[in-house]
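Once you know that position 132 of the sequence shown is 132 in UniProt numbering, the rest is easy, because the numbers rise by one and skip nothing.
Written out below as structure tokens is the structure these notes cover.
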Amino acid sequence: MVGIWGAGGIGKTTIARAVYNSIAHKFDGSCFLENVRENSMGARGFVKLQKKLLREILKTKLKVANVAKGITMIKEMLQYKSVLLVLDDVNDIDQLNNLAGECSWFDMGSRIIITTRDKQLLTSHSINLIDEVQELEHHKALELFSRTVFKNRPLDGFAVLTERAICYAQGLPLALTVLGFSLCNKNVDLWEAALQDFKSPKIREVLQISYDGLDDTVKEIFLDIACFFKGESTNHVIQTLEAYRGKHAKYGINVLIDKALINTSRGCIWMHDLLEEMGRDIVHQQSPDNPGKRSRL
1 MVGIWGAGGI GKTTIARAVY NSIAHKFDGS CFLENVRENS MGARGFVKLQ
51 KKLLREILKT KLKVANVAKG ITMIKEMLQY KSVLLVLDDV NDIDQLNNLA
101 GECSWFDMGS RIIITTRDKQ LLTSHSINLI DEVQELEHHK ALELFSRTVF
151 KNRPLDGFAV LTERAICYAQ GLPLALTVLG FSLCNKNVDL WEAALQDFKS
201 PKIREVLQIS YDGLDDTVKE IFLDIACFFK GESTNHVIQT LEAYRGKHAK
251 YGINVLIDKA LINTSRGCIW MHDLLEEMGR DIVHQQSPDN PGKRSRL
């Protein structure tokens with residue numbers, strides 16, 4: 001099993017889909033299960049995913065009575081087949097246990113690819129081969145943005161504005177694409193206006209999924225970092241947070257790292273500007289008209 005790990009909107013699904021499309025023909029059967037987090041919800045969510053997995057690999061419709069029966073069917077019917085299976089956007093260990101509990105469920109040579117925002121989820125399932133997806137380097141970000149907006153390279157008069165857009169997105173593919181589509185076929189004046197105060201509900205929604213999945217204590221630590229501690233020494237941040245968050249501070253920081261919400265570099269804590277903006281906005285929404293009633297000033 002292979003894990004693809006990174007922040008929301010970083011391009012994990014795109015990478016998994018590209019790999020899937022390029023090698024699926026080499027296996028006896030293949031299946032790409034999208035949005036496992038969302039599609040596993042509900043009383044029959046797992047059963048529907050198990051049915052789809054079996055149907056796409058075996059090319060036949062099967063009845064699955066319940067989750068336990070589905071697990072048994074996957075084990076028995078696929079143990080002698082080389083399978084390529086992608087589990088996209090996994091956020092709970094039950095999703096792995098019910099869809100691909102062990103490599104032995106499938107024949108030797110099978111490949112199971114899991115995309116997730118949670119590194120700890122992968123390690124708890126004994127997945128040690130983990131590919132961390134990083135933000136795009138400048139030239140790659142320029143290429144993606146230009147392809148979205150101009151279909152090739154920046155037009156005359158748009159070079160400086162293009163650099164501003166790329167700086168805003170900071171290598172996040174989702175932000176580059178959403179911003180690019182919003183600016184496509186717009187003139188220079190409209191670009192100027194849009195880049196002054198661009199906020200996309202779609203980007204916010206994707207980023208906030210990770211925040212919403214945190215427990216309350218870790219949420220508070222995330223907001224502390226977004227409001228006060230970005231770029232500060234890791235040791236200083238831990239010591240400061242421990243003074244009023246107690247022993248949970250170091251644990252919380254490790255959780256945020258595992259969920260790709262923060263990272264450490266050169267002894268300091270860092271956070272993507274869009275995540276920082278989201279955190280500060282969450283605090284602002286606590287009391288939009290009265291700063292004194294917010295949890296942080």
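C-beta: ideal position from N, C-alpha, C; glycine also.
For clarity, every value in this text was computed on a predicted model and none was experimentally measured.
When you compare only the Cα positions, how much space is there between residue i and residue j?
i      : j      : result
Ile238 : Phe150 : 45 Å
Lys250 : Lys59  : 49 Å
Gln196 : Ala141 : 20 Å
Ala100 : Leu87  : 9 Å
Arg204 : Asn152 : 28 Å
Leu96  : Phe222 : 27 Å
Phe181 : Ala165 : 12 Å
His236 : Leu190 : 43 Å
Ser287 : Arg37  : 31 Å
Leu155 : Gly109 : 48 Å
Asp281 : Asn91  : 25 Å
Leu33  : Ala175 : 24 Å
Lys75  : Phe106 : 7 Å
Val178 : Asp212 : 22 Å
Arg44  : Lys61  : 17 Å
Ser139 : Leu161 : Note that residue 139 is His in the sequence shown here, rather than Ser. Each residue's alpha carbon lies about 15 Å from the other.
Met77  : Glu56  : 13 Å
Ile23  : Ile112 : 12 Å
Ile4   : Arg296 : 35 Å
Asn66  : Gly9   : 33 Å
Lys293 : Asp224 : 16 Å
His284 : Ile93  : 34 Å
Gly29  : Lys81  : 7 Å
Asn263 : Val64  : 42 Å
Asn35  : Lys48  : 13 Å
Lys51  : Arg147 : 38 Å
Lys247 : Gly11  : 34 Å
Pro201 : Leu53  : 32 Å
Ile71  : Asn290 : 54 Å
Contact defined as beta carbons within less than 8 Å: I believe residue i pairs with residue j. What is the distance between those atoms, to the nearest angstrom?
i           : j      : result
residue 315 : Arg117 : In the structure as shown, the chain starts at 1 and stops at 297, and residue 315 therefore has no counterpart that could be examined.
Gln208      : Met278 : 6 Å
Leu122      : Ile130 : 6 Å
Leu172      : His272 : 7 Å
Ile1        : Ile114 : Sequence inspection shows Met at residue 1; the Ile mentioned does not correspond to that position. 6 Å between Cβ atoms; contact.
Phe228      : Val188 : Not confirmed; about 37 Å, so no contact.
Leu275      : Leu261 : 6 Å
Glu242      : Cys268 : In fact, because the Cβ distance is near 17 Å, the residues do not count as touching under 8 Å.
Gln120      : Asp258 : 4 Å
His13       : Asp89  : For clarity, residue 13 is Thr in the given sequence; the question names His instead. Yes, they are in contact, since the Cβ atoms of Thr13 and Asp89 sit about 7 Å apart, within 8 Å.
Val218      : Leu256 : 7 Å
Leu183      : Ala194 : 6 Å
Phe27       : Val83  : 6 Å
Name the one or two DSSP bridge partners that residue i has.
i      : result
Cys268 : Ser233, Ser265
Val83  : Gly29
Val90  : Thr116
Would you identify the three-state DSSP class for residue i, choosing helix, strand or coil?
i      : result
Ile4   : strand
Leu161 : helix
Arg294 : coil
Phe222 : helix
Ala175 : helix
Ala194 : helix
Ala260 : coil
Gly246 : coil
Pro201 : helix
Cys184 : coil
Lys140 : helix
Lys156 : The question names Lys, but residue 156 is Asp in the sequence shown. Asp156 falls in the coil class under three-state DSSP.
Phe150 : coil
Gln286 : coil
Gly279 : helix
3-residue-minimum beta strand (DSSP E) runs that sit fully inside the segment 93-136, ordered along the chain:
111-116, 129-132
Alpha helix (DSSP H) segments (min. 4 residues) lying fully within the segment 11-75
12-23, 36-39, 45-58
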